[in-house]
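In full-length UniProt numbering, the protein residues as written are 1 to 132.
Below you'll find the structure, written out as structure tokens, and then a few comments.
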């Protein structure tokens, strides 16, 4: 179950804003890391920034304006050169210049993953055909 674990938080931010952030605990090289942010209540949109960084590098960040009652996926490209390292994912939400929420968590970067390749000599069989 290690790969399926997620960092998940549902908290109440400043002035009664309720939000949820869901993200994987593992990041793999050359993949897109997905962070799901939901603004569950409030009266106006929240500007959300998600950034992945480490002590040596800063990966790309992404931003979105999320309306109350909406959930949005934020995508961060993990570079090919990521090694076995820990990154810090920071997700921050602001309304104007006011901080609504800020969360950070550790994310493990790992080059190992499972690939399954199925190759068939004949792509499709009908009911009357037999395999060779």
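All C-beta atoms, glycine included, are put in the ideal place defined by N, C-alpha and C.
Measure the alpha-carbon distance for residue 19 versus residue 54 and round it to whole angstroms.
25 Å
Keeping to the same chain, check which residues put their C-beta closer than 6 Å to that of residue 52; ignore five residues upstream and five downstream.
59, 76, 87, 89
Which one or two residues does DSSP pair with residue 86 in a beta bridge?
108
Once you ignore the five residues that flank residue 48 on each side, which residues in its own chain have a CB closer than 6 Å to its CB?
Spatial neighbours of residue 48 in its own chain (CB-CB distance under 6 Å, excluding positions within 5 residues in sequence) are listed in chain order as 37, 64, 66, 93.
Please report the distance separating the alpha-carbon of residue 68 from that of residue 31.
Distance between the alpha carbons of residue 68 and residue 31: 29 Å.
Apart from the five residues on each side of it in sequence, which residues of its chain come closer than 8 Å, Cβ to Cβ, to residue 78?
27, 28, 29, 30, 31, 32, 33, 52, 59, 109
Tell me, to the nearest whole angstrom, how far the beta carbon of residue 100 is from that of residue 46; I am working on the premise that it is less than 8 Å.
About 5 Å separates the beta carbon of residue 100 from that of residue 46, a gap short enough to meet the 8 Å contact definition.
Can you have a look at residue 71 and say buried or exposed, based on whether 16 or more other CB atoms are within 10 angstroms of its CB?
exposed
Whole angstroms are fine: how far does the CA of residue 35 sit from the CA of residue 23?
If you take the alpha carbons of residue 23 and residue 35, they lie about 5 Å apart.
Taking the alpha carbon of residue 50 as the point to measure from, which residue in 42, 61, 41 has its own alpha carbon closest?
The candidate whose alpha carbon is nearest that of residue 50 is 61.
Buried or exposed for residue 42, going by 16 or more other Cβ atoms inside 10 Å?
buried
Using the Cα positions of residue 105 and residue 85, report the straight-line distance between them to the nearest angstrom.
14 Å
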